[in-house]
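*Asks:* My questions will all concern the structure given below.
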Amino acid sequence: MKNLLKPLFAFAIVATTFTSCMEKDDTDYDAIYLREEQIIDSIFSAQKLVIEDYVDMHFDNAKEDTIKLTYRYLNKSIKRGIWFEVLSEPTDDTYEYKVNPNSTQGAPIYPKWKLKYKASLLNGTVVQEDSEGTEYSFNTNNPNVYNNAWFISFIPYSLKYSGKDFIYEGLTKNGLKKGSKFRMVTPSYFAFASTAKDKIPANSPLVYEFEVLEIE
């Protein structure tokens with residue numbers, strides 16, 4: 001099994017640890033990383049309560065994401081804190097997500113989706129929206145739109161290739177396809193984290209609604 005969707009803070013820790021080994025100074029990096037994880041954990045804890053209140057008020061058939069994140073320095077695991085709802089099943093299930101055979105990391109082949117979407121704050125303020133329907137693909141770099149919440153909404157939980165299971169930690173078994181209508185609410189960590197984006201304040205949980213019109 002190969003986990004390809006690594007937590008952002010885990011990646012940062014690995015990168016910084018490597019740098020620290022090269023610098024050979026007396027900085028207590030363990031204390032720094034511990035403090036970083038404590039800050040992240042406090043954000044998760046605070047947002048968990050407001051997200052669950054939102055779900056109770058606005059979701060009819062909510063499902064809780066059960067995948068966990070592990071803190072290296074706090075030595076504990078927590079749920080990702082994501083909730084989602086399948087509003088409509090695909091009307092055309094013929095498209096199949098596949099592993100890219102040319103990827104050394106086992107990345108999936110990213111399709112083109114024509115879709116409508118809306119992103120809102122928990123108070124209902126719409127902060128991003130495409131109500132007409134436009135083409136989107138993770139093959140293009142658009143950090144003002146795409147984030148981990150998009151990835152785990154669209155890509156399946158796992159794909160099999162050459163006898164191996166590649167784990168992407170998507171929220172659904174088969175991924176979003178033509179006709180899919182999907183809603184999810186995510187902690188800020190999987191959206192834009194501590195970075196403000198136009199109408200989106202830093203550390204904002206987001207509610208996403210996606211409607212897939214076409215996929216190829």
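Numbering (full-length UniProt numbering), first residue to last: 1 to 216. Glycine included, C-beta positions come from ideal geometry on N, C-alpha and C.
(1) For ASP175 and LYS118, what's the separation of their Cα atoms in angstroms?
(2) Within the segment 80-167, note down every full beta strand (DSSP E) run reaching 3 residues or more, in order along the chain.
(3) For residue 220, count neighbouring Cβ atoms within 10 angstroms of its own Cβ and tell me buried if that reaches 16, exposed if not.
(4) Exposed or buried, which one is LYS177 when buried takes at least 16 other CB atoms within 10 Å?
(5) According to DSSP, LEU206 sits in a beta bridge with which residue or residues?
(6) For VAL99, count neighbouring C-beta atoms within 10 Å of its own C-beta (all shown protein chains included) and say buried if the count is 16 or more, exposed if not.
(7) Drop a sphere of 10 angstroms on the beta-carbon of VAL50, count the other beta-carbons inside from all chains shown, and report buried for 16 or more, exposed for fewer.
(8) Check whether the segment 129-137 and the segment 52-69 touch, using three or more Cβ-Cβ pairs below 8 Å as the test.
(9) Would you report the Cα separation of ARG72 and THR91, rounded to the nearest angstrom?
(10) So for SER77, helix, strand or coil by DSSP?
(11) Does DSSP put LYS178 in a helix, in a strand, or in coil?
(12) How would you call ALA191, buried or exposed, if buried means at least 16 neighbouring beta carbons within 10 angstroms?
(13) What are the start and end residues of the alpha helix (DSSP H) that includes LYS48?
(14) Alpha carbon to alpha carbon, how far is VAL86 from PHE182?
(15) By DSSP's criteria, THR70 is part of a beta bridge. Which residues make up the other side?
(16) For TYR110, which residues from the same chain have a beta carbon less than 7 Å from its beta carbon, with the 5 sequence-adjacent residues on both sides left out?
(17) Measuring alpha carbon to alpha carbon, tell me which residue in ALA202, GLU169, TRP150 is nearest SER158.
(18) Return the CA-CA distance between residue 259 and GLU214, expressed in angstroms with no decimal places.
(19) Check the C-beta distance from VAL127 over to ILE200 and give it rounded, since I have them as a contact under 8 Å.
(20) Quick one: residues in its chain with C-beta nearer than 8 Å to the C-beta of TYR95, no 5 flanking neighbours on either side, listed in chain order?
(21) Leaving out five residues on either side along the sequence, give the residues of the same chain with a beta carbon under 8 Å from the beta carbon of PRO44.
(22) Ordered along the chain, which non-local residues of its own chain (more than five positions away) have a Cβ less than 6 Å from that of GLU209?
(23) So what does DSSP say about LYS173, is it helix, strand or coil?
*Replies:* Looking at the atomic coordinates:
(1) Checking the displayed sequence, the identity of residue 175 turns out to be Gly instead of Asp. When rounded, the distance between both Cα atoms is 18 Å.
(2) 83-88, 113-120, 126-136, 158-161, 164-167
(3) Nothing about residue 220 can be read from this structure; the chain reaches only from 1 to 216.
(4) buried
(5) THR186
(6) buried
(7) exposed
(8) no
(9) Each residue's alpha carbon lies about 42 Å from the other.
(10) strand
(11) coil
(12) The residue in question, ALA191, is buried, as its Cβ has 16 or more Cβ neighbours within 10 Å.
(13) LYS48 -> alpha helix (DSSP H) spans 29-58.
(14) 5 Å
(15) SER77
(16) By the criterion of a C-beta distance shorter than 7 Å, TYR110 is surrounded in its chain by SER137, PHE138, ASN139, once the five residues flanking it on both sides are discounted.
(17) That would be GLU169, whose Cα lies nearest to the Cα of SER158.
(18) The requested residue 259 is not part of the displayed model; the chain covers only 1 to 216.
(19) 5 Å
(20) PRO111, LYS177, LYS178, ILE215, GLU216
(21) Just to set this straight, residue 44 is Phe in the shown sequence, not Pro. These residues qualify, in order along the chain: ILE78, GLY81, PRO187, TYR189.
(22) LYS118, ARG183
(23) coil
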